[in-house]
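Residue numbers (the numbering used here): 1 to 422. We put the beta carbon where it would ideally sit given N, CA and C, even for glycine. This report concerns only the one structure given below.
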Amino acid sequence: MGYQIPRGTQDILPGTVEKWQYVENKAREICSRYNYKEIRTPIFEHTELFLRSVGDTTDIVQKEMYTFTDRGERSLTLRPEGTASAVRSYVENKLFGLPHQPTKLYYIGPMFRYERPQAGRYRQFVQFGIEAMGSDDPSIDAEVMALAMDVYKELGLKRLRLVLNTLGDKESRKAHRDALVAHFEPRIGEFCHDCQNRLQTNPLRILDCKKDRDHELMKTAPSIHDYLNEESRNYFETVKSTLTAMGIDFVIDPTLVRGLDYYNHTAFEIMSDAEGFGAITTLSGGGRYNGLAEEIGGPATPGIGFAMSLERLLLALDAEGVTLPIEDSLDCYLVAMGESAKEKAPSILYQLRKAGLKADKDYMDKKMKAQFKAADRTNAKFVAVLGDDELANGVISVKEMESGNQTEVELEEVTQYILKQI
Ligand code: HAM
């Protein structure tokens with residue numbers, strides 16, 4: 001047997017890739033409506049960037065990064081997510097100095113995490129994400145959530161749930177953290193090894209543990225909502241009332257903590273309630289990360305964003321039975337019979353294509369019948385048939401496939417004729 005694709009990766013073949021292009025175009029279109037501009041950053045970054053931003057006690061950094069040493073002995077990592085790179089680039093290119101603020105960016109590209117592959121979870125996946133940096137106006141939190149929901153809704157998804165929480169500011173988080181340590185510490189021996197480590201390094205992450213989620217202490221754990229200071233509480237209230245005023249439904253889940261360390265204030269996930277969507281129901285996640293730019297050497301900058309994988313989006317479309325309106329047909333298929341006609345065919349085809357028409361012909365020396373079959377498979381709107389006799393008379397026969405109408409057209413006129421009909 002030959003080579004096989006690495007575990008957790010996929011080939012996206014013609015026939016499927018059109019769906020990807022469609023959703024990518026939709027994402028771009030919506031970003032342009034919301035005035036977000038595309039940013040393209042490298043696929044790999046210095047490992048240190050992710051340690052500092054995503055957080056060195058997170059699962060992503062501890063277990064999931066594709067890290068390697070290059071020939072210059074530098075430690076590099078295939079990006080596990082896009083926020084760190086976007087913020088790094090914002091700081092490095094001093095985007096904060098540009099006149100238009102906040103800086104509103106989006107990206108679409110592959111991310112890499114060494115996770116256990118299953119439906120909806122891959123080792124290479126494509127994230128579409130946005131980041132808005134420079135504003136701590138709660139209405140931009142609502143904008144970010146609205147944009148994410150718009151992408152799903154406009155593609156036709158209905159079974160969506162926007163789950164919202166606040167993680168509070170630094171002071172609130174510190175008070176909550178102390179309460180969590182006090183809560184879990186006396187019985188931490190009953191928890192998994194990871195949670196025992198998390199108790200001191202990052203107790204919030206205990207709440208996110210899959211192994212210990214049914215432990216009774218999980219249900220009685222102190223909630224961040226009891227430790228919010230006034231500023232954090234007011235911020236959260238404004239985010240909620242803005243969403244409500246915009247007519248965007250959401251539910252509050254005080255246990256929603258995210259898997260990355262840079263969050264504060266707003267945190268959210270969008271879930272799919274579609275039957276048959278599978279074990280993983282999170283479609284996307286995001287939140288506020290005030291302080292991240294500073295953490296990696298930039299000026300104090302508020303920021304918020306989200307990311308979704310296109311893989312999970314496409315699975316959700318399947319689960320809800322949504323068919324995307326993808327048009328994939330040729331304008332014209334050229335059937336040529338006879339030696340002189342076959343010689344003439346490439347230049348006719350070239351003319352059609354130069355005029356902007358989608359056109360093709362046979363390259364496998366097929367008989368006429370097989371050429372017509374091939375034309376059928378391409379869903380061609382017109383089939384142009386050129387035989388040696390037609391060529392001698394300077395004409396070509398053009399059939400409109402839907403109506404079955406067939407016309408003889410001057411060879412010189414064929415491009416104009418098809419253009420006019422379309
Ligand atoms: P995240 O929750 O780690 O957040 O990932 C965001 C989304 O990426 C997930 O909801 C899911 O759609 C997708 N995703 C993550 N891992 C996988 C995987 N192994 N296979 C398929 N899809 C996956 C972030 O990455 C943050 N950077 C989001 C953000 C942007 N926060 C602020 N700005």
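(1) Measuring CB to CB, does Thr238 end up less than 9 angstroms from Pro138?
(2) Can you give me the C-alpha to C-alpha distance between Arg7 and Arg116, rounded to a whole angstrom?
(3) Just how far apart, CA to CA, sit Met218 and Leu317?
(4) To the nearest angstrom, report how far apart Leu352 and Thr378 are at their CA atoms.
(5) Which residues bound the beta strand (DSSP E) around His46?
(6) Quick one: Cα of Arg198 to Cα of Thr220, how far?
(7) Leaving out five residues on either side along the sequence, give the residues of the same chain with a beta carbon under 6 angstroms from the beta carbon of Leu315.
(8) Grab me the residues of Ala27's own chain with a C-beta within less than 6 angstroms of its C-beta, minus the 5 sequence neighbours each way, in chain order.
(9) I need the straight-line Cα distance from Asn290 to Leu313, nearest angstrom please.
(10) Answer yes if the segment 262-276 comes into contact with the segment 291-305, meaning at least three C-beta pairs across the two stretches below 8 angstroms, and no otherwise.
(11) The alpha helix (DSSP H) with Arg173 in it runs from where to where?
(12) Examine ligand 1 and report whether any of its heavy atoms sits within less than 8 angstroms of the Cβ of Ile43.
(13) How long is the line joining the alpha carbons of Val17 and Leu419, rounded to whole angstroms?
(14) Quick check: the Cα distance between Asp331 and Cys31, rounded to an integer number of angstroms?
(15) Taking the alpha-carbon of Arg258 as reference, which of Asp249, Ile270, Phe250 has the nearest alpha-carbon?
(16) Please report the straight-line C-alpha distance between Ala336 and Ser329, rounded to a whole angstrom.
(17) Sorry if obvious, but does the Cβ on Ser340 come closer than 8 angstroms to a heavy atom of ligand 1?
(18) Quick one: does the C-beta of Ile60 sit closer than 8 angstroms to a heavy atom of ligand 1?
(19) Here's the rule: buried if 16 or more other CB atoms are within 10 angstroms of the residue's CB, otherwise exposed. What is Met246?
(20) Sorry if obvious, but does the Cβ on Tyr122 come closer than 8 angstroms to a heavy atom of ligand 1?
(21) The alpha helix (DSSP H) spanning His225 covers which residue range?
(22) So, under 8 angstroms CB-CB, His176 and Ile224 are touching, yes? Tell me the CB distance rounded to an integer number of Å.
(23) With 16 as the cutoff for other CB atoms within 10 Å, does Asp214 come out buried or exposed?
(24) Please find out if some non-hydrogen atom of ligand 1 comes closer than 8 angstroms to the beta-carbon of Ala307.
(25) CA-CA distance, Lys399 and Gly15?
(26) Looking at Asp273 and Arg159, is the spacing between their C-beta atoms short of 9 angstroms?
(27) Can you round the beta-carbon distance between Asp360 and Tyr333 to whole angstroms, since I take them to be within the 8 angstroms contact cut?
(28) Quick one: using the 10 Å Cβ neighbour count with 16 as the cut-off for buried, is Gly287 buried or exposed?
(29) Measuring straight from C-alpha to C-alpha, what distance separates Thr83 and Asn234?
Straight from the coordinates:
(1) yes
(2) 9 angstroms
(3) 34 angstroms
(4) Each residue's Cα considered, the two are about 16 angstroms apart.
(5) 44-46
(6) 18 angstroms
(7) Gly120
(8) Phe128, Val151
(9) 28 angstroms
(10) yes
(11) 170-184
(12) Not one heavy atom of ligand 1 sits closer than 8 angstroms to the Cβ of Ile43.
(13) 27 angstroms
(14) 31 angstroms
(15) The residue from Asp249, Ile270, Phe250 with its alpha-carbon nearest to that of Arg258 is Ile270.
(16) 20 angstroms
(17) For Ser340, the distance from the CB to the nearest heavy atom of ligand 1 is not below 8 angstroms.
(18) yes
(19) exposed
(20) yes
(21) In the DSSP annotation of this structure, His225 is not part of any alpha helix (DSSP H), being labelled neither H nor E.
(22) 5 angstroms
(23) exposed
(24) yes
(25) 26 angstroms
(26) yes
(27) 6 angstroms
(28) buried
(29) 26 angstroms
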